Amino acid sequence: MKTTLLALFLSITLLACKQGKLEKTLTSRVITDQDDFNEFPKTKDKVISIEDVYSENPDSSGGFSVKFKDTAIYIQDGSKPLARKFQEARFINSQKTAVLVQIADGAGKISPFYIISLKNGQPDAVALIKPSDGKGDKDFAKGLEEITRTSILINNDFVISTVRGKVYPVKRKNANELIQGNFILNSGDRTTLVFSGDSSLYQVNYLTGETAELPVPAKVLRSGTMVREIQQNYSWFKNARGTSFLKENPDDDRIVDIKEFKH
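Numbering-wise, the sequence shown is residues 7 to 269 according to my numbering.
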């Protein structure tokens, strides 16, 4: 009888362990210039997966969960609430060892972004956050914006290559606030970004860190055809370092090749 009860107890215990949800909480850290988000997995099972919460539980409000093997990954950032699910989740490298996530905290586009990636075969969390006290932050923090098929802009502060997981900080006009402007277009080589402000275009090359400010009439910047007018009246010129920046056309006779502009 005792043997039977012991066997039953062990069976229940094993079943409970098998059904129990595996979880791991990562304490996020600040991104550094040395961070590499393109680690190659040493074995096939050492990859990260993204799961649709709604498909697993139709009664939920949706979103995504991130797992390493069978373990659900959560993020703890200081005193902020524990992030268990995400409103945005996508791979940023071909090896599927790095995922960009945006937490689901009800703040919408301005909710924080993080990168969950493998470091020496184990999951790690990095915060894509820079302190900012700009008056127009809520207007200009657009969350995730597509620049090209393989690159994205995060809140005017970071560009991410989604093929090899490379993150480039975007130099701000003022260090204490994110760029107070809307991304409107980029150069032919896609490395110079152009943001429209109240009275000028702020241009920044995210590879070199070079910047330039181009005064533009307010009526153009407020126009519904702003981008087209800029394409017609301004052209890309390379500086001594070979970096492209917009300048006003020297005369009205110059023929502008629309291929110079990318958006």
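Ideal Cβ positions, reconstructed from N, Cα and C, are used throughout, including at glycine.
Predicted, not measured: the structure shown is a model, and the values here were computed from it.
Span of the alpha helix (DSSP H), counted from its first residue to its last, around residue i
| i | result |
| --- | --- |
| residue 145 | 143-146 |
Per DSSP, cross-strand counterpart(s) of residue i
| i | result |
| --- | --- |
| residue 104 | 123 |
| residue 229 | Note: residue 229 sits in no beta bridge, so no partner. |
| residue 209 | 200, 218 |
| residue 56 | 72 |
| residue 28 | 77 |
| residue 89 | 81 |
| residue 33 | 82 |
| residue 109 | 92 |
8 Å contact criterion, which residue i and residue j should meet: CB distance rounded
| i | j | result |
| --- | --- | --- |
| residue 163 | residue 176 | 6 Å |
| residue 101 | residue 142 | Rounded, the Cβ-Cβ distance is 38 Å, inconsistent with contact. |
| residue 183 | residue 138 | 5 Å |
| residue 237 | residue 220 | With a Cβ gap of about 14 Å, residue 237 and residue 220 do not count as contacting. |
| residue 94 | residue 73 | Rounded, the Cβ-Cβ distance is 16 Å, inconsistent with contact. |
| residue 198 | residue 211 | 5 Å |
Exposure of residue i, with buried meaning 16 or more beta-carbon neighbours within 10 Å
| i | result |
| --- | --- |
| residue 271 | Here the chain comprises residues numbered 7 to 269, so residue 271 is not present and cannot be evaluated. |
| residue 178 | buried |
| residue 32 | buried |
| residue 249 | buried |
| residue 126 | exposed |
| residue 89 | buried |
| residue 130 | buried |
| residue 36 | exposed |
| residue 231 | exposed |
| residue 244 | exposed |
| residue 108 | buried |
| residue 255 | exposed |
| residue 181 | exposed |
| residue 202 | buried |
| residue 123 | buried |
First and last residue of the uninterrupted beta strand (DSSP E) at residue i
| i | result |
| --- | --- |
| residue 159 | 157-160 |
| residue 116 | Taken as a continuous stretch (DSSP letters only), residue 116 belongs to no beta strand (DSSP E), as it is neither H nor E. |
| residue 96 | 92-97 |
| residue 130 | 128-133 |
| residue 37 | Run containing residue 37: none; DSSP gives neither H nor E here. |
| residue 254 | 250-254 |
| residue 150 | 150-154 |
| residue 77 | 77-82 |
| residue 243 | 240-244 |
Cβ of residue i within 8 Å of any chain C Cβ
| i | result |
| --- | --- |
| residue 57 | The displayed structure is made up of one protein chain only, and chain C is not part of it. |
- Message: Please give me, in chain order, every unbroken run of the beta strand (DSSP E) with length at least 3 that falls completely inside the region 156-202.
- Response: 157-160, 164-167, 172-175, 188-192, 198-202
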